[in-house]
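So the sequence shown is numbered by the working numbering: it starts at 37 and just counts up by one.
Ideal Cβ placement from N, Cα and C applies to all residues, glycine included.
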Amino acid sequence: MSTSTTSTTSAIATTPSSRAFISDNMAGASPQIARAVADAAAGQVLPYGNDPFTESARRRLGEIFERDVEVFPVSTGSAANGLSLAALTPPWGSVLSHPDSHINTDECGAPEFFTNGAKLVGVPGADSKIDPDALRVAVRRRTGDVHSVQPSAVSISQATESGSVYTLEEIREVSAIAKDAGLRVHMDGARFANALVHLGATPAEMTWKAGVDVLSFGATKNGAMTADAIVSFDPALAGELAFRAKRAGQLASKMRFNTAQIDAYLTDDLWLRNARQANAMAWRLGDGLKSIAGAGLLATPQANILFCRLPQQVTEGLLAEGYAFYHDRWEPGIVRFVTAFSHSADDIDQLLDAVRRHTR
37 MSTSTTSTTS AIATTPSSRA FISDNMAGAS PQIARAVADA AAGQVLPYGN
87 DPFTESARRR LGEIFERDVE VFPVSTGSAA NGLSLAALTP PWGSVLSHPD
137 SHINTDECGA PEFFTNGAKL VGVPGADSKI DPDALRVAVR RRTGDVHSVQ
187 PSAVSISQAT ESGSVYTLEE IREVSAIAKD AGLRVHMDGA RFANALVHLG
237 ATPAEMTWKA GVDVLSFGAT KNGAMTADAI VSFDPALAGE LAFRAKRAGQ
287 LASKMRFNTA QIDAYLTDDL WLRNARQANA MAWRLGDGLK SIAGAGLLAT
337 PQANILFCRL PQQVTEGLLA EGYAFYHDRW EPGIVRFVTA FSHSADDIDQ
387 LLDAVRRHTR
């Protein structure tokens with residue numbers, strides 16, 4: 037399968053949910069969230085976030101992070117990342133991130149656009165995680181040199197694009213290196229809940245208590261429809277983020293439809309239950325693949341993303357059966373499966389049976 041927009045869209049349109057493993061973006065919405073949007077459609081409330089749904093979502097976010105936070109609902113993760121980084125980075129600055137990071141590979145220059153030209157600088161490391169020793173060099177590179185962009189912010193993905201998860205100790209170390217050099221720290225939390233349940237940590241422990249200044253809080257991949265949010269732990273950034281969100285077209289007049297989703301997402305631990313289900317399905321798939329000759333895991337999944345190596349005839353056979361997943365995008369024979377909250381154990385077992393059939 038080509039990874040072009042046309043072919044991927046075609047695959048999405050014809051793939052049953054039980055065979056859709058391109059991304060957790062393919063999954064629909066949790067019923068609780070769909071009902072919350074329908075409930076928000078009744079009656080009239082004040083626009084631009086001055087409504088009870090937005091107030092409730094902000095209160096819940098404050099509760100889960102164990103402190104007052106500034107919340108800016110947005111419609112996409114790219115907007116959350118770009119606006120967050122713009123508040124942390126001047127146009128002559130640089131954002132240090134892993135070369136595999138979503139901001140570096142999959143946002144079509146949005147961070148550079150929102151920051152008015154700041155440069156993304158890759159900092160390598162194993163498992164798509166920034167190496168602390170490499171970061172110690174990068175935060176000091178050409179500082180004070182008017183001919184060079186100035187290191188201004190560090191951005192980490194949690195979970196990463198390869199499905200790995202920074203430990204709390206690793207986040208604290210990266211943050212300490214950044215803060216010692218005068219840099220701010222951003223976390224791309226598109227799969228925040230998946231990382232959180234893997235670690236068994238609290239949201240506070242994985243963010244501001246570990247040195248994170250601004251979080252892109254993802255919900256869309258984990259059961260919401262079109263709702264993510266910027267969560268700032270620094271009150272001094274509130275004014276700038278508010279104006280940047282408005283200027284970027286992210287101050288929704290009917291914000292209640294976004295924040296009703298976030299409110300329902302956080303109610304009764306729905307967000308954590310969804311993430312546990314998605315992660316468990318990736319682990320079930322990984323365990324099953326280990327027992328199949330010719331199917332090699334690149335790494336044990338920590339969140340809900342799994343990379344493996346499959347023989348060409350297996351990949352072709354799965355595609356012929358209607359399975360949708362990325363393959364040969366990174367190198368020949370490499371396949372990525374992404375599980376979602378909506379996948380069941382039966383879905384995974386059917387996929388494993390298909391892999392076995394085509395391996396024979």
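Which of the three DSSP states is assigned to residue i in this structure?
i       : result
Ala-47  : Because the pLDDT of Ala-47 is 46, which lies under 50, any placement of that residue in the model is unreliable, and the question is left without a value.
Ala-189 : strand
Ser-54  : helix
Gly-113 : helix
Thr-41  : Interpretation of Thr-41 is limited by its pLDDT of 42, a score under 50 that renders its predicted location unreliable; the figure taken from the coordinates is listed afterwards. Helix at Thr-41.
Ser-200 : coil
Ile-166 : coil
His-379 : coil
Leu-232 : helix
Ala-339 : coil
Arg-396 : coil
Ala-246 : helix
Arg-312 : helix
His-138 : helix
Asp-75  : helix
Gly-145 : coil
Ile-384 : helix
Met-291 : coil
Glu-241 : helix
Arg-177 : coil
Asn-86  : coil
Met-62  : helix
Glu-31  : Outside the shown range of the chain, which is 37 to 396, sits residue 31, and nothing can be said about it.
Val-391 : helix
Who are residue i's beta bridge partners in DSSP?
i       : result
Met-223 : Ile-192, Leu-251
Asp-131 : The identity of residue 131 in the sequence shown is Val, whereas the question assumes Asp. For Val-131, which the question treats as bridged, DSSP gives the partners Leu-156, Ala-189.
Val-107 : Val-267
His-363 : Val-371
Cys-344 : Leu-333, Val-371
Hey, residue i and residue j are a contact pair by Cβ (cut 8 Å); roughly how many whole angstroms apart?
i       : j       : result
Ser-130 : Val-157 : 5 Å
Pro-337 : Ala-318 : 4 Å
Ile-341 : Val-374 : 5 Å
Phe-150 : Leu-124 : With a Cβ gap of about 11 Å, Phe-150 and Leu-124 do not count as contacting.
Ala-339 : Gly-199 : 5 Å
Asp-163 : Thr-196 : 7 Å
Met-291 : Thr-90  : 5 Å
Leu-232 : Gly-324 : That belief does not hold up - the Cβ atoms of Leu-232 and Gly-324 are roughly 25 Å apart, past 8 Å.
Ala-63  : Ser-378 : 4 Å
Ser-137 : Ser-54  : No, Ser-137 and Ser-54 are not in contact; Cβ-Cβ is about 31 Å, not under 8 Å.
Ala-72  : Asp-299 : 6 Å
Val-110 : Ala-281 : 7 Å
Ala-229 : Trp-307 : 5 Å
Return yes when the Cβ of residue j is within less than 8 Å of the Cβ of residue i, no when it is not.
i       : j       : result
Ile-69  : Ala-260 : yes
Ser-252 : Asp-264 : yes
Phe-343 : Ile-370 : yes
Ile-100 : Leu-302 : yes
Glu-106 : Ser-211 : no
Asp-60  : Ala-376 : yes
Leu-334 : Arg-345 : yes
Val-175 : Leu-219 : yes
Gly-180 : Ala-226 : no
His-222 : Val-185 : no
Phe-57  : Ile-266 : no
Asn-117 : Pro-147 : yes
Arg-372 : Tyr-362 : yes
Thr-395 : Gly-332 : no
Check whether the Cβ of residue i sits closer than 7 Å to any heavy atom of the ligand SAH, and report yes or no.
i       : result
Ser-378 : Absence of the ligand SAH from the depicted structure is noted, as is the absence of any ligand whatsoever, leaving it without description.
Mind the definition here: the region 180-189 touches the region 123-142 only if three or more C-beta pairs lie below 8 Å; say whether that holds. yes
At a cut of 8 Å, does the region 233-248 reach the region 76-86 through at least three beta carbon pairs? no
Mind the definition here: the region 194-214 touches the region 52-72 only if three or more C-beta pairs lie below 8 Å; say whether that holds. no
Meets three-Cβ-pair contact criterion under 8 Å: the region 86-100 and the region 288-297: yes
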